[in-house]
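Asks: If you scroll down you'll find the structure; I have some questions about it.
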Amino acid sequence: MAEKMQLNEVEVWDGNMAAAQALRQAQIDVVAAYPITPSTPIVQNYSKFLADGYVDGEFIMVESEHGAMSGCVGAAAAGGRVATATSSQGFALMIEVLYQASGMRLPIVLTVVNRALAAPLNVNGDHSDMYLGRDAGWINLCSYNPQEAYDMTLMAFKIGEDLNVRLPVMVHQDGFLCSHTAQNVRPLQDEEAYGFIGEYKPVNSMLDVANPVTHGVQTEEDWHFEHKARQHNDLMNSVSTIKKVFAEFEKLTGRKYDLLHKYKMDDAEVAIVALGTTVESAEIAADRMREKGVKAGVLGIRVLRPFPFKEIQEALKNVKAIAAMDRSAPGGTFGMLFNEIGAAMLQSGKTPVLLNYIYGLGGRDTTIAHLTDIYEQLDRCAKSGKSEYPLQQFIGLRGPKLSFY
Amino acid sequence: MTKKIRNLKEFSTSNDRYEGANLMCPGCSHNIIVREVLNATDNPVLIATATGCLEVCTAVYPYTSWDVSWIHIGFENASTAIASAQVMYEVLKRKGRLPESTMRAIEEGREPKFVAFGGDGATYDIGFQWLSGCFERGHDFMYVCLDNEVYANTGGQRSSSTPIGASTTTSPAGNVSYGEKMMKKSMVEIMADHGAPYVAQVAPNKWKDLVKKIQKGFETKGPVYINAMSACTTEWKHAPENTIDVSELGVESCVWPLYEIINERDEHGIIYSTKLNITYRPKNKIPVEEYLAAQPRFKHLFKPENRHIIDLWQKMVDIRWENLQKREEAGV
Ligand SMILES: Cc1ncc(C[n+]2csc(CCOP(=O)(O)OP(=O)(O)O)c2C)c(N)n1
Ligand code: SF4
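Chains as they are written, first to last, in this note's numbering: chain F, 324 to 728; chain S, 363 to 694.
This is how it looks when you write it as structure tokens:
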């Protein structure tokens, strides 16, 4: 049995410690992991918990991230709770296995501390890795600060392991900005946290030797389509479980989460849509704009997959100008958020002005001033009713302005 | 509990956990070896298979040839998958959360065994890092390499197990080429040098020797590596009915020596002694030429301009055989 850790009502944790504590409290059976900045401390904290007897599972320090996720898949298929952490290049190395994990319906939890992808090599935060993995068939939860990293990680187990879901879950947080920034975090006590997540219920366990199972078969055109359709269907339907778990968590902690994080959206005429720590900065910028009489709001995406299409339509239905903020090099087109928000708005029959801002690549600072500038642009567009700026602009970039379309 | 095996007939029908009537080519050695491994024990077995012929031919939804728990993830990671499943087994055992059927098996003295199968491509090449990692970490499982010296499933490309002079689709023999230019990698020694407690080379025709080694492997705690000659009718281009004969020629010519390496070590991995045993000694070592002549993948070597490669082969096999005997004698 693992030792209990006595936690204060308020702990000062950075995002990595918050995630590591949630992993500890989930009493994971097997963690297979490989270090990479900025998620390394998760693995280190977890090892220390293990060394001090606070964890009763096994920790396999493998030889690569591909090995880490391979180990997670093998251990999960054997029938126990499994999790790991990674960032950036490590995430990229895992990619093959990320698809295999979701295709096999294994509820692995992966805490991703988001970071840029090389080249050029960069250890700082942007969302390139998050975007790379967005089609891997995982549930994607986003946290903006250490408290949320903790909360989302606990909930990730409960969501992924729900018998109606049985899918792996990623929990994202921003490299350094969240992972290395210490803040007040209100944790649950160990029993409470474990009680919330519940015991692991194996499904199709390889270790039930009287009932052999086959994982990861070959299918070609005759069945593959059906398998993928079923997987998609269950991922889409996981929304109801996500909402249910959010509600249970609110009852337990008073902390309320939803598919979208809405700030002053009720009467907003201009809105910034963003992911990660930028959401909180945008809230400050929105307040400043409100002082100037601009009805500014912020829409944070909390659940990136399954994508809250309808909820986004609803949240943005009265907004006249929207900034879709993409913190990833767009690679020859618009950013992902721009495209996906655009699709939602097109189907809603509303035609607000929609602009795409590419920002903060490789950890470039995004200031309140940048965000108020964006609101100013949106305000001008909202007033004139048309796009007054290029559709895609790079902000905070040195040298000549860069924009497209 | 080591299973007692009296004769081939009884052995071959003793434990139907793998359906031989699958999509593999007629005469494929992979099938024979898998049956031999599974029939060597009555214990529950959990299996991971790397991408390759064995995997694509035995678990095509909605069918499966496997009446044991089986997993396929990718081309590289069968070793990590099964090693991690074994870790989960240890954890759940400790926490008292194993399924009842497994608890019963343990009480009956039939602990589950964990086995990964990979082709030579999966083993010598793409999956080598994962395999090396698992062996270095000392996981308790058996890795069986079905060594057909070629990437068969993708149509016969060379691997680092392809021997010199073999014509493959990416090292074809032609007007100015005798085929593969490099010698085969010595996987058995490489795995033994990881400090694995038990490493052995086997061939399906010498089934008693094979079964004995598999049983020894199952009794060993820690990582076990088995390198199995797996004649491939399609890529070695011999007739399906000649599979066992070709294997026999491989063993009798000492191209494919049967031996084992035992590293005695403590739980920290300190190796106290290394012992190499040759487990089969041909009465009359036949010329390598006979082995090569039985396989059209080497047909071009018999042209006058390529004859020197046959000589090279013979030299290589003789040196290796000599070295094995020296090592056996010296007890290292
Ligand atoms: C990452 C990756 N690269 C390439 C492949 C394509 N591929 C599948 S099986 C195979 C060859 C298998 O050869 P081997 O391991 O020798 O097994 P055999 O088919 O000969 O039994 C290859 C190249 C793959 N599945 N995954
Ligand atoms: S190609 Fe070779 S290894 Fe593959 S199934 Fe056929 S005989 Fe067996």
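Beta carbons are placed, not taken as given, at the ideal position from N, Cα and C, and that holds for glycine. Note that the coordinates shown come from a computational prediction; the quantities given were computed from them, not determined experimentally.
#1: Checking 8 Å against the spacing of the C-beta atoms, do A594/F and L627/F come in under that value?
#2: Do N405/S and ligand 2 come close, with the Cβ less than 7 Å from some heavy atom?
#3: Taking M328/F as the reference, which of S370/F, D497/F, Q512/F, L444/F has the closest Cα?
#4: Can you give me the C-alpha to C-alpha distance between N576/F and L701/F, rounded to a whole angstrom?
#5: Span of the beta strand (DSSP E) holding E381/F?
#6: Taking three-plus beta-carbon pairs below 8 Å as touching, is the region 347-362 of chain F in contact with the region 397-415 of chain F?
#7: Using a threshold of 7 Å, is the CB atom of G436/S nearer than that to any non-hydrogen atom of ligand 1?
#8: Please report how far the alpha carbon of F569/F lies from the alpha carbon of G579/S, in whole angstroms.
#9: Sorted by chain position, which residues of the same chain lie with C-beta nearer than 6 Å to L611/S's C-beta, five sequence neighbours on each side aside?
#10: For the region 524-538 of chain F, list every residue whose C-beta sits within 8 Å of some C-beta in chain S, in sequence order.
#11: Whose Cβ in chain F lies nearer than 7 Å to the Cβ of T464/S?
#12: Can you tell me which of D557/F, I607/F, L330/F puts its alpha carbon nearest to the alpha carbon of G483/F?
#13: Comparing the C-beta of Y642/S with each C-beta of chain F, is any distance below 8 Å?
#14: I'd like to confirm something about S604/F: is its beta-carbon nearer than 7 Å to some heavy atom of ligand 4, or not?
#15: What number of angstroms, rounded off, separates the C-alpha of I718/F from the C-alpha of P585/S?
#16: Give me the chain F residues within the contact set of P406/S, using Cβ-Cβ distance strictly less than 7 Å, ordered along the chain.
#17: Between E606/F and G460/F, what straight-line distance do the alpha-carbon atoms span, to the nearest angstrom?
#18: Which same chain residues, not among the five before or five after A437/F, have their C-beta less than 6 Å away from its C-beta?
#19: Let's see if you can read the secondary structure: which residues bound the alpha helix (DSSP H) around T364/S?
#20: Following a CB-centred definition, is H693/F positioned closer than 7 Å to any heavy atom of ligand 2?
#21: Is the beta carbon of A472/F closer than 8 Å to that of A341/F?
#22: Locate the beta strand (DSSP E) running through F479/S, then write down its first and last residues.
#23: Can you confirm whether the region 683-693 of chain F touches the region 613-620 of chain F when touching is taken to mean that 3 or more C-beta pairs between the two stretches lie within less than 8 Å?
#24: With distance defined between alpha-carbon atoms, name the residue in Y621/S, W598/S, E603/S, T596/S nearest to I576/S.
#25: Taking a Cβ distance cut-off of 8 Å, strictly less, list which residues of the region 423-442 of chain S are near chain F, in chain order.
#26: Which residues in chain S have a C-beta closer than 7 Å to the C-beta of D352/F? List them in chain order.
#27: I need the straight-line Cα distance from I351/F to L493/S, nearest angstrom please.
#28: Just list the beta strand (DSSP E) runs in the region 442-530 of chain S, keeping only unbroken ones of 3 residues or longer that don't cross its boundaries, in chain order.
#29: Let me know if P658/S comes out buried or exposed under the rule of 16 or more other beta-carbons within 10 Å of its beta-carbon.
#30: In this structure, how does DSSP classify K640/F when only helix, strand and coil are distinguished?
#31: Which of the three DSSP states is assigned to N625/S in this structure?
#32: Below 9 Å between beta carbons is the criterion; list the residues of the region 544-576 of chain F that meet it against any residue of chain S, in chain order.
#33: Is the beta carbon of A554/S less than 8 Å from the beta carbon of V561/S?
#34: Would DSSP call H670/S helix, strand or coil?
#35: From which residue to which residue does the beta strand (DSSP E) around V538/S run?
Replies: The answer reads as follows:
#1: Numbered from its first residue, the first sequence carries residue 594/F at position 271. Numbered from its first residue, the first sequence carries residue 627/F at position 304. For A594/F and L627/F, no; Cβs fall outside 8 Å.
#2: In the second sequence, the residue the question calls residue 405/S occupies position 43. N405/S Cβ: outside cutoff for every heavy atom of ligand 2.
#3: Sequence index remark: in the first sequence, residue 328/F carries index 5 (1-based). Minimum Cα distance to M328/F is reached at Q512/F.
#4: As a position in the first sequence, residue 576/F is number 253, starting the count at 1. As a position in the first sequence, residue 701/F is number 378, starting the count at 1. The question names Asn, but residue 576/F is Thr in the sequence shown. Going from the Cα of T576/F to the Cα of L701/F covers about 37 Å.
#5: Along the first sequence, one-based indexing puts residue 381/F at 58. Looking at the DSSP string, the run of the beta strand (DSSP E) that includes E381/F is 381-384.
#6: yes
#7: By one-based count along the second sequence, residue 436/S stands at place 74. Yes - ligand 1 has a heavy atom lying nearer than 7 Å to the Cβ of G436/S.
#8: Taking the first sequence and counting its residues from 1, one reaches residue 569/F at position 246. Taking the second sequence and counting its residues from 1, one reaches residue 579/S at position 217. In a straight line, the C-alpha of F569/F is about 50 Å away from that of G579/S.
#9: As a first step, residue 611/S is located in the second sequence; it is residue number 249 there, counting from the start. Correct list, in chain order: E652, Y653, A656.
#10: P525, S528, M529, L530, D531, V532, A533, N534, P535, V536, T537, H538
#11: Along the second sequence, one-based indexing puts residue 464/S at 102. Per Cβ cutoff of 7 Å: L530, D531, V532.
#12: By one-based count along the first sequence, residue 483/F stands at place 160. It is D557/F whose Cα lies nearest to the Cα of G483/F.
#13: Locating residue 642/S in the second sequence gives position 280, counting from the first residue. It does not; no Cβ of chain F falls within 8 Å.
#14: Here the bound small molecules are ligand 1 and ligand 2; ligand 4 is not part of this structure.
#15: Numbered from 1 along the first sequence, position 395 holds the residue referred to as residue 718/F. Numbered from 1 along the second sequence, position 223 holds the residue referred to as residue 585/S. Between I718/F and P585/S, the C-alpha separation is close to 54 Å.
#16: Along the second sequence, one-based indexing puts residue 406/S at 44. Correct list: V532.
#17: Here the question's residue 606/F lines up with position 283 in the first sequence. Here the question's residue 460/F lines up with position 137 in the first sequence. If I take the Cα positions, the gap works out to 31 Å.
#18: Taking the first sequence and counting its residues from 1, one reaches residue 437/F at position 114. Looking at the sequence shown, residue 437/F is not Ala but Asn. Only G448, H450, D452, M453, H495, D497, G498 meet the Cβ criterion.
#19: Reading the second sequence from its first residue, position 2 is the one you call residue 364/S. Careful: T364/S lies outside any alpha helix (DSSP H) and carries neither H nor E.
#20: One-based indexing of the first sequence puts residue 693/F at position 370. Not so, every heavy atom of ligand 2 lies at least 7 Å from the Cβ.
#21: Against the first sequence, residue 341/F aligns to sequence position 18. Against the first sequence, residue 472/F aligns to sequence position 149. Against a cut-off of 8 Å, the Cβ pair of A472/F and A341/F comes out as a contact.
#22: Numbered from its first residue, the second sequence carries residue 479/S at position 117. Per DSSP, F479/S belongs to the beta strand (DSSP E) from 475-481.
#23: no
#24: If you number the second sequence from 1, residue 576/S lands on position 214. Closest option to I576/S, Cα to Cα, is Y621/S.
#25: Y423, P424, T426, W428, D429, V430, S431, W432, I433, H434, I435, G436, E438, N439, T442
#26: Walking along the first sequence from the start, residue 352/F turns up at place 29. Under the 7 Å cutoff, chain S gives M450, V453, L454.
#27: Position 28 of the first sequence, counting from 1, holds the residue named residue 351/F. Position 131 of the second sequence, counting from 1, holds the residue named residue 493/S. One C-alpha to the other measures close to 25 Å.
#28: 475-481, 504-509
#29: Start at 1 with the first residue of the second sequence, and residue 658/S comes out as number 296. When all chains shown are included, P658/S counts as exposed.
#30: Against the first sequence, residue 640/F aligns to sequence position 317. Coil, per DSSP.
#31: Here residue 625/S is taken as the residue at index 263 of the second sequence, counted from 1. N625/S: strand per DSSP, three-state reduction.
#32: D545, W546, H547, H550
#33: If you number the second sequence from 1, residue 554/S lands on position 192. If you number the second sequence from 1, residue 561/S lands on position 199. Yes, they are a contact pair.
#34: For the purposes of this step, residue 670/S is identified with residue 308 of the second sequence, where counting begins at 1. It is helical.
#35: Locating residue 538/S in the second sequence gives position 176, where the first residue counts as 1. Segment: none, V538/S is in no beta strand (DSSP E) and carries neither H nor E.
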